[in-house]
Amino acid sequence: MKEHPSFIQRPDPSLCELEPMEPIIVYRIRGGELKDCLKGSAKSVVYFWSPNCSAPVCIPPNFAQEFSSRHGVDLFIVANYYDYSEMAVDFDLERPIFGVDTEYYRTNFTDRYLRRFKADLFDENSRDENDVGRFICLNLTV
């Protein structure tokens with residue numbers, strides 16, 4: 283995002299307390315950092331959002347937020363990749379959109395950094411039972 287250098291930032295210090303900002307900021311995070319935030323949540327969903335996806339399973343972030351709020355679920359949105367034009371939209375969310383810290387994971391290949399991010403987010407034993415495609419459900423019956 284060379285043309286928008288302040289758009290993507292590292293959280294300082296805790297991403298658990300972040301709120302959406304104007305102008306829009308996407309925070310680069312690591313799976314372990316998100317895992318720490320999720321520990322304080324009774325019911326939570328992580329939505330891996332693909333900004334340019336138009337398939338029916340790729341719902342806009344505001345729809346995911348609306349559904350989560352209605353059901354008392356904490357929503358954390360992690361963008362699968364960065365796209366300024368799609369991410370710089372005010373989606374009326376309770377939390378900012380997060381992106382994967384590709385520098386930390388030492389790769390710009392989406393499948394690699396997402397795999398590493400998810401490995402940090404879960405212990406390997408619980409990964410399959412929580413991972414429901416684009417949504418990862420924690421402390422929640424799906």
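Every letter in the sequence shown is one number past the one before it in our numbering, and letter 21, counting from 1, is 303. Here a beta-carbon is modelled for each residue, glycine too, at the ideal position from N, C-alpha and C.
**Q.** Between the CA atoms of Cys-319 and Leu-297 - distance to the nearest angstrom
**A.** Going from the Cα of Leu-297 to the Cα of Cys-319 covers about 7 Å.
Q: Just tell me which of Asn-334, Ala-346, Thr-389, Leu-403 has its CA closest to the CA of Arg-377.
A: If we check each option's Cα against that of Arg-377, Ala-346 comes out closest.
**Q.** Selection from Phe-373, Pro-305, Arg-310 that minimises the alpha carbon distance to Ile-341
**A.** If we check each option's Cα against that of Ile-341, Phe-373 comes out closest.
Q) Which of the three DSSP states, helix, strand or coil, is assigned to Ala-401? A) Secondary structure of Ala-401 (DSSP, three-state): helix.
Q.
To the nearest angstrom, how far is the alpha carbon of Arg-398 from that of Tyr-329?
A. Roughly 16 Å between the two C-alpha positions.
Q. What are the start and end residues of each continuous alpha helix (DSSP H) run of 4 or more residues lying completely inside the segment 324–412, in chain order?
A. Within the segment 324–412, the alpha helix (DSSP H) runs of at least 4 residues that lie entirely inside it are, in chain order, 343–352, 366–369, 384–387, 392–403, 409–412.
Q | Alpha carbon of Tyr-386 to alpha carbon of Arg-292, nearest angstrom | A | Distance between the alpha carbons of Tyr-386 and Arg-292 is about 11 Å.
Q) To the nearest angstrom, how far is it from the Cα of Asp-294 to the Cα of Glu-304? A) Rounded to whole angstroms, the gap between the alpha carbons of Asp-294 and Glu-304 is 17 Å.
Q | Top-ranked residue by Cα proximity to Leu-396, from Phe-349, Ile-306, Tyr-363 | A | Of all alpha-carbon atoms in Phe-349, Ile-306, Tyr-363, the one lying nearest the alpha-carbon of Leu-396 is that of Tyr-363.
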